[in-house]
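What follows is a set of notes on a single structure, which appears directly below.
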Amino acid sequence: MKIDKGLIGGSTNLLVLSLLQEQDRYGYEIIKELESRSDRTFLFKEGTLYPVLHRLENNGLVTSYMAKGETGKERKYYKITNKGQKQLAEEKRTWETFSISVNKVIGGNVHAFS
Numbered sequence: 001m002k003i004d005k006g007l008i009g010g011s012t013n014l015l016v017l018s019l020l021q022e023q024d025r026y027g028y029e030i031i032k033e034l035e036s037r038s039d040r041t042f043l044f045k046e047g048t049l050y051p052v053l054h055r056l057e058n059n060g061l062v063t064s065y066m067a068k069g070e071t072g073k074e075r076k077y078y079k080i081t082n083k084g085q086k087q088l089a090e091e092k093r094t095w096e097t098f099s100i101s102v103n104k105v106i107g108g109n110v111h112a113f114s
């Protein structure tokens, strides 16, 4: 099933920050993890993800650093900041309120973080 880009766009910060809360990751790793965990619902291209990461970095929600990965190749890793942790908590609260409200309207009873 193809998901409307507007729905995905509105939740991109939440998705990316959630992954970075678990561990530092490089861009392609974020793309593959989103794809895997969403059963291929979230198929980001590099041209979509990197502007998001740059915006998060410019807003102080993530920082980046260069490090060698498992293969020895140097990669740019992204790390969530304290400000990013606070933003993630807010994004989760907003998403929970939104999803509960939508489910009330459509007759569902599934909650995002229950």
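The letter at position 76 of the sequence shown is residue 76 when you use UniProt numbering, and the numbering goes up by one with no holes.
Every residue gets a Cβ at the ideal spot worked out from N, C-alpha and C, and that includes glycine.
Discussion item. For Ser-36, tell me which candidate among Leu-15, Pro-51, Ser-99, Thr-48 has the shortest Cα-Cα distance.
Written reply: Ranking Leu-15, Pro-51, Ser-99, Thr-48 by CA distance to the CA of Ser-36 puts Leu-15 first.
Discussion item. Just verifying my parser: in three-state terms, what is the DSSP assignment at Glu-45?
Written reply: With the sequence shown as reference, residue 45 is identified as Lys, and Glu is not the correct amino acid for it. Lys-45 falls in the coil class under three-state DSSP.
Worksheet item: Which residues bound the beta strand (DSSP E) around Ser-64?
Response: Where Ser-64 is concerned, the enclosing beta strand (DSSP E) stretches over 62–68.
Worksheet item: What do you get for Tyr-77, buried or exposed, if any count of 16 or more other CB atoms within 10 angstroms of its CB means buried?
Response: Tyr-77 comes out buried.
Practice prompt. State the Cα-Cα distance for the pair Lys-32 and Ser-38, rounded to the nearest angstrom.
Written response: Those two C-alpha atoms are separated by around 10 angstroms.
Fill in: Boundaries of the beta strand (DSSP E) in which Lys-92 is found, first to last residue
No beta strand (DSSP E) holds Lys-92; the alpha helix (DSSP H) holding it covers 82–106.
Worksheet item: Does the pairing of the stretch 83–102 with the stretch 64–74 give three or more beta-carbon distances under 8 angstroms?
Response: In this structure the stretch 83–102 does not lie against the stretch 64–74, because fewer than three pairs of beta carbons, one per stretch, are closer than 8 angstroms.
Worksheet item: Can you give the Cα-Cα distance for Leu-49 and Gly-107, rounded to whole angstroms?
Response: Each residue's alpha carbon lies about 33 angstroms from the other.
Fill in: Whether residue 116 touches Ile-80 by CB criterion (9 angstroms)
In the structure as shown, the chain starts at 1 and stops at 114, and residue 116 therefore has no counterpart that could be examined.
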